[in-house]
Amino acid sequence: IGTPAAADALSEFAKTAPADMKVPVADARLLCAEQLLADGAKSEALALYKALNGSDQPTQVRVAAIKGMLAASTKK
């Protein structure tokens, strides 16, 4: 799940996902971003985290996205 291709697929699905799938898809995208970051793909992870920090996301997703952005911006 932590590949750029997976990130793209999840992001595309998120655009048309039914309402009851929005949070599970966001969770999957967070997991994907975490794996990308762990694998050294900072820019891809940061892009996912930024997308998940939108006002259309639940608070818990936005908080996780902010934490991820901080981790991505400080990771060497």
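Take 9 as the starting number for the sequence shown in this note's numbering and just add one per residue. Glycine included, every Cβ here is placed at the ideal spot set by N, Cα and C. Just so it is clear, the structure is predicted and the values come from calculations on it, not from any experiment.
(request) Classify Q65 as helix, strand or coil using the three-state DSSP reduction. (result) Mapped onto the sequence shown, residue 65 falls at position 57. Reduced to three states, the DSSP call for Q65 is coil.
(message) So L56 and A34 are supposed to be a Cβ contact under 8 Å. How far apart are they, rounded?
(response) On the sequence shown, residue 56 is found 48 positions in, with the first residue counted as 1. On the sequence shown, residue 34 is found 26 positions in, with the first residue counted as 1. In fact, because the Cβ distance is near 10 Å, the residues do not count as touching under 8 Å.
(message) Measuring alpha carbon to alpha carbon, tell me which residue in K75, A27 and T24 is nearest L38.
(response) Along the sequence shown, one-based indexing puts residue 38 at 30. Looking at the Cα atoms, K75 is the closest of the given residues.
(message) Can you find the residues in the same chain that come closer than 8 Å, C-beta to C-beta, to P12, ignoring five residues on each side of it along the sequence?
(response) Counting from one through the sequence shown, the residue named residue 12 turns up at place 4. The residues are L44, A49 and E52.
(request) Give the straight-line distance between the Cα atoms of P66 and P26, rounded to the nearest whole angstrom. (result) Numbered from 1 along the sequence shown, position 58 holds the residue referred to as residue 66. Numbered from 1 along the sequence shown, position 18 holds the residue referred to as residue 26. Using only the alpha carbons, I get a separation of about 15 Å.
(request) Determine the extent of the alpha helix (DSSP H) in which D35 is found, giving its start and end residues. (result) For the purposes of this step, residue 35 is identified with residue 27 of the sequence shown, where counting begins at 1. Counting along the chain, the alpha helix (DSSP H) containing D35 begins and ends at K30 to A46.
(message) For a test of the three-state rule: what should DSSP assign to A55, helix, strand or coil?
(response) Position 47 of the sequence shown holds residue 55. Note: A55 maps to helix in three-state DSSP.
(request) In the DSSP assignment, find the unbroken alpha helix (DSSP H) run with T11 in it and report its ends. (result) Working through the sequence shown from its first residue, we reach residue 11 at position 3. Segment: none, T11 is in no alpha helix (DSSP H) and carries neither H nor E.
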